[in-house]
Amino acid sequence: CVPEIDFSGIVCDLRGTKVKDFNTGDRVFGIGPIGFRNVGHGVLREYILAKHDHMTKVPDNISLKDAACFPATGYTAYCFLVEKAKLKKGDRVFINGGSGAVGVMAIQLARTIVGSTGLVVATCSPAKTDIIRNLGADEEHYSSRPFDVILDTVGNDHALYSNSPAYLTPAGLFCTIGMVEIGSTVWSATKRLLQLLSAMIVPVYLGGVPRRHIFEPLNIVHSRFVAMAQLVEEGAFKAVIDSTYKFTDALDAYDRVMSRKVTGKVVIEVNDLE
Amino acid sequence: VEVPIPTTCADDEVLVQISHVSLNSAI
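As you go down the protein sequences, you meet chains A and B in turn.
Each residue of the first sequence is one higher than the one before, starting from 759 at the first, in the working numbering.
Each residue of the second sequence is one higher than the one before, starting from 4 at the first, in the working numbering.
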C-alpha cells in the first residue's frame, strides 16, 4: 500500500481526460485518495492520477515544498474555523494541540480572522510555547471569559468536551478533529468513535452536554479547497515545516513522525521540481 | 517495490508528477 494524501507537483499529462481547468506544466497541490488503505495507492510515489476537483494551482508566491504542507491540514482548519464555526472578528478561540500539523494552521488562520480584538489560546508542550506564540497565539493557559469556538486537534480526552460548559459559550461550537493516536488499539479507537458520535446525537434531556459538537471525516469540496488556496496566497497562514527528507529516506521521516516531537509538517522531497 | 507510471486517465483525472509529500500521522 502506498501511503499519504498530501501532495504538490506538476501536471504532466491530460490525455484522455475532460479536464479543462489545468494545463500541462501547471504547479498544483491537492489531496489524493483519502481511503488509500482500501484502494492501495496514496501519493508517496513519483506519479499519481489526481482527481481534478481534489486539487488546485499553487499560488505563485508559494514554493512546491511549502504547498505540500497545506492540502489536508490547511483545508481542515479552513473548513472547521471558517465554514463550520463561522469564526469572525473579535471571537475567542481555544485550540487544543497548537503545535501539531492542524494546530499550527488553525492558530494562524484564527489569528487572521479574529484580529487584534479577538483571542487565540492554544495548548502545547513547554518547549514549543515560543513557536506557537510566533504563529499568533496569545496565551497557553486560559483563565478568563469563555470561548466562542474550541478546536480539539488532539481528540484523546473526552473530558475536554464533557466539561466544556464551564469554558464554552452556550452558542459556541466544539469541533473535534483528532481521534486516533499513534499506538491506539482497535478497542480504544472504537470507544473514542462512540464517544464522538454520542456527543453529536445524545440530547441534553438524556444527559448530553449542552454544547454543540461536530466531528466529521475529511470531505473535499472543490470550492472550499480553492478558497483555502486563496487564503494561502494572501498569507493568512504559512507552512510550518518540522523537517524535510529525501524520498529514499522516507522511513526516517516516519520515525520522526512517530517520535511525537514534530512541530508542523514532516515533508518528503520526491522530486524537487522547482 | 517498483510502482508503474499510470498510463490511462479517467475523465476527471490528470497525471501529476509529484514534487513533495507531507506526512499525516493521524491518517
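Heads up, the beta-carbon is just placed ideally off N, CA and C, and yes, glycines get one too.
Taking the C-alpha atoms as reference points, what is the distance between residue i and residue j?
{"i": "A/SER956", "j": "A/ASN781", "result": "46 Å"}
{"i": "A/ASP1010", "j": "A/ALA825", "result": "21 Å"}
{"i": "A/ASP1013", "j": "A/LYS1004", "result": "14 Å"}
{"i": "A/GLU991", "j": "A/LEU822", "result": "13 Å"}
{"i": "A/ARG869", "j": "A/LEU893", "result": "8 Å"}
{"i": "A/ARG773", "j": "A/THR814", "result": "18 Å"}
{"i": "A/PRO968", "j": "A/MET863", "result": "28 Å"}
{"i": "B/LEU26", "j": "A/TYR963", "result": "42 Å"}
{"i": "A/HIS810", "j": "A/GLY848", "result": "36 Å"}
{"i": "A/ALA917", "j": "A/ASN796", "result": "32 Å"}
{"i": "B/ILE30", "j": "A/ARG785", "result": "Bear in mind that a pLDDT of 45 at B/ILE30, under 50, signals an unreliable position, so the number given afterwards is only what the model happens to contain. Those two C-alpha atoms are separated by around 25 Å."}
{"i": "A/VAL760", "j": "A/GLN988", "result": "30 Å"}
{"i": "A/THR1002", "j": "A/GLY966", "result": "44 Å"}
{"i": "A/GLY793", "j": "A/LEU976", "result": "10 Å"}
{"i": "A/LEU952", "j": "A/SER920", "result": "14 Å"}
{"i": "A/VAL1035", "j": "A/GLY858", "result": "In this structure chain A extends from 759 to 1032, so residue 1035 of chain A is not present and cannot be described."}
{"i": "A/GLY767", "j": "A/LEU867", "result": "24 Å"}
{"i": "A/PHE828", "j": "A/ALA997", "result": "7 Å"}
{"i": "A/ASN914", "j": "A/ARG950", "result": "8 Å"}
{"i": "A/ILE902", "j": "A/ASN819", "result": "With the sequence shown as reference, residue 902 of chain A is identified as Ser, and Ile is not the correct amino acid for it. The straight-line gap from Cα to Cα measures roughly 39 Å."}
{"i": "A/THR881", "j": "A/THR775", "result": "46 Å"}
{"i": "A/GLY993", "j": "B/VAL19", "result": "26 Å"}
{"i": "A/GLY798", "j": "A/ALA924", "result": "44 Å"}
{"i": "B/VAL24", "j": "A/VAL840", "result": "25 Å"}
Excluding the 5 residues flanking residue i on each side, which residues of the same chain have their C-beta closer than 8 Å to its C-beta?
{"i": "A/LYS842", "result": "LEU931, CYS933, ILE972"}
{"i": "A/ALA1008", "result": "LEU802, ILE1026"}
{"i": "A/PHE838", "result": "ALA864, LEU909, CYS933, ILE935, ILE972"}
{"i": "A/GLY800", "result": "CYS759, VAL760, PRO761, GLU762, ILE763, GLY790, PRO791, PHE794"}
With a 10 Å radius around its C-beta and 16 neighbouring C-beta atoms as the bar for buried, classify residue i as buried or exposed.
{"i": "A/ILE833", "result": "The amino acid occupying residue 833 of chain A in the given sequence is Tyr; Ile does not appear at that position. So A/TYR833 counts as buried."}
{"i": "A/ILE959", "result": "exposed"}
{"i": "A/VAL944", "result": "exposed"}
{"i": "A/THR1006", "result": "exposed"}
{"i": "A/LYS886", "result": "buried"}
{"i": "A/SER946", "result": "exposed"}
{"i": "A/SER1017", "result": "exposed"}
{"i": "A/ASP910", "result": "buried"}
{"i": "A/SER874", "result": "exposed"}
{"i": "B/GLU16", "result": "buried"}
{"i": "A/ALA929", "result": "exposed"}
Where DSSP assigns a beta bridge to residue i, which residues make up the other side?
{"i": "A/GLY767", "result": "A/VAL786, B/ILE21"}
{"i": "A/ASN854", "result": "A/ASP910"}
{"i": "A/LYS809", "result": "B/GLU16"}
{"i": "A/HIS971", "result": "A/PHE932"}
{"i": "A/PHE905", "result": "A/LEU926"}
{"i": "A/VAL1024", "result": "A/SER1001"}
Suppose the cutoff is 6 Å on Cβ atoms and the five residues either side in sequence are ignored; what does the same chain contact list for residue i look like?
{"i": "A/PHE852", "result": "VAL879, PHE905, ILE908"}
{"i": "A/TYR836", "result": "MET986"}
For residue i, collect the residues of the same chain with a Cβ closer than 7 Å to its Cβ; drop the 5 residues on either side in sequence, then sort them by chain order.
{"i": "A/LEU926", "result": "PRO904, PHE905, ILE908, PHE932, ARG969"}
{"i": "A/GLU804", "result": "VAL1028, ASN1029"}
{"i": "A/ALA830", "result": "ILE763, ASP764, ILE789, LEU976"}
{"i": "A/ASP896", "result": "LEU877, VAL878, VAL879"}
{"i": "A/ILE889", "result": "SER857, THR1021"}
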